[in-house]
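Accompanying notes for the structure given below.
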Amino acid sequence: MSGLGLIDQHSLARIKTLCFDEPPVFTPARVASIRIHRARMSQSVFARLLNVSLSTVQKWEAPAAGKHPSGAAAKLLQVLEKRGVEALI
Numbered sequence: 001m002s003g004l005g006l007i008d009q010h011s012l013a014r015i016k017t018l019c020f021d022e023p024p025v026f027t028p029a030r031v032a033s034i035r036i037h038r039a040r041m042s043q044s045v046f047a048r049l050l051n052v053s054l055s056t057v058q059k060w061e062a063p064a065a066g067k068h069p070s071g072a073a074a075k076l077l078q079v080l081e082k083r084g085v086e087a088l089i
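If you use the numbering used here, the sequence shown closes out at 89, no skipped numbers anywhere.
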């Protein structure tokens with residue numbers, strides 16, 4: 001993309017950092033910590049921010065459920081953890 005003049009090197013490096021790294025595995029404790037300490041939101045507001053259901057957030061935070069964020073949700077959590085709520089709104 002930068003070879004075609006569509007994007008500068010600095011912007012390309014930022015995109016690679018944010019988009020090409022595999023998102024980490026988010027444990028229930030990590031999801032809850034991001035929601036409570038980083039985002040400072042209730043489960044329902046957090047679910048709306050991530051465009052998932054309340055029950056999905058509840059399952060992510062419940063160790064017994066065995067569910068964890070993947071795909072786009074995991075990427076959004078990664079950005080939220082690194083950059084804060086301001087990066088998503």
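Backbone N, C-alpha and C fix where the C-beta goes; we use that ideal spot for every residue, glycine too.
Computed from a prediction, not measured in an experiment: that's the story for all the values here.
Where the alpha helix (DSSP H) through residue i begins and ends
| i | result |
| --- | --- |
| residue 42 | Taken as a continuous stretch (DSSP letters only), residue 42 belongs to no alpha helix (DSSP H), as it is neither H nor E. |
| residue 31 | 28-33 |
| residue 65 | Residue 65 -> no alpha helix (DSSP H), and no H or E assigned at all. |
Selected residue, minimal CA-CA separation from residue i, among the options
| i | options | result |
| --- | --- | --- |
| residue 23 | 35, 11, 72 and 66 | 72 |
Beta-carbon proximity check, residue i vs residue j, cutoff 8 Å
| i | j | result |
| --- | --- | --- |
| residue 43 | residue 30 | no |
| residue 74 | residue 28 | no |
| residue 76 | residue 50 | yes |
| residue 64 | residue 57 | no |
Presumed contact (8 Å Cβ cut-off) between residue i and residue j, rounded CB distance
| i | j | result |
| --- | --- | --- |
| residue 80 | residue 39 | 6 Å |
Nearest-angstrom Cα separation, counted from residue j out to residue i
| i | j | result |
| --- | --- | --- |
| residue 59 | residue 68 | 8 Å |
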